[in-house]
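FYI, the numbering for the sequence shown is 1 to 159, going by UniProt numbering. Only one structure is covered here, and it is reproduced in the block below.
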Amino acid sequence: MKLFKRKSIPREEQGIVNTTPEQTVRAFLNAFQLRDVEAALSVVDKSVRVEIFPLDVREGGFDDIRTALTDIVTAFPDLHLVIKDVIETGSVVTAELKVEGTQAADYAGAVNQEKHLDVDQAWRFTVDGDHIVGIHVYWCQNQLYRRLAVKRLDQIAIV
């Protein structure tokens with residue numbers, strides 16, 4: 001016979017919340033959609049490993065993803081992020097996105113010509129618990145340059 005009965009406290013009330021890797025990534029993407037860089041970074045681990053292949057960021061870290069997100073929301077103040085698909089495979093989540101907006105500042109070496117951008121991207125996230133510990137970003141840099149009216153990459157353009 002038990003003298004005391006243990007009262008079960010729901011995990012949510014204990015401050016313990018089970019989130020799936022997809023939910024963590026969606027929290028990041030939703031904040032990015034709202035152009036809220038700090039909120040997006042709140043689910044990113046400080047020791048994150050970042051690869052942004054078109055920008056030649058290899059073995060980057062937290063500051064690199066902060067800079068990349070800040071550059072995008074600064075250069076495209078009317079940023080519209082379309083989340084096409086999110087696929088969870090264990091701790092790895094892949095998101096297919098379309099980034100749209102009108103350029104208002106220099107971005108990725110492209111001088112501001114107020115051109116409209118719409119470029120398809122793939123982001124691969126590695127999630128541990130409720131934090132993103134790895135981010136790999138891919139897009140076609142030539143498509144980006146075409147959309148931003150970069151004429152030649154080997155000569156300085158006068159606009």
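Glycine included, every Cβ here is placed at the ideal spot set by N, Cα and C.
Item to complete: Using the DSSP secondary-structure output, state which residues sit across from R124 in a beta bridge.
Response: According to DSSP, which records beta bridges pairwise, R124 is partnered with T94 and H136.
Discussion item. Given this structure, state the Cα-to-Cα distance separating Y145 from H80, to the nearest angstrom.
Written reply: A direct Cα-to-Cα measurement between Y145 and H80 gives close to 18 Å.
Discussion item. Short of 7 Å in beta carbon distance, which residues of its chain neighbour residue 160, apart from the five on each side in sequence? Order them along the chain.
Written reply: Here the chain has residues from 1 to 159 only, and residue 160 is not among them.
Discussion item. Going by DSSP in three states, V99 sits in which element: helix, strand or coil?
Written reply: Look at V99 here: in three-state DSSP terms it is strand.
Item to complete: Would you identify the three-state DSSP class for L117, choosing helix, strand or coil?
Response: In this structure, L117 counts as strand in the three-state DSSP scheme.
Worksheet item: With 16 as the cutoff for other CB atoms within 10 Å, does Q113 come out buried or exposed?
Response: Result: exposed.
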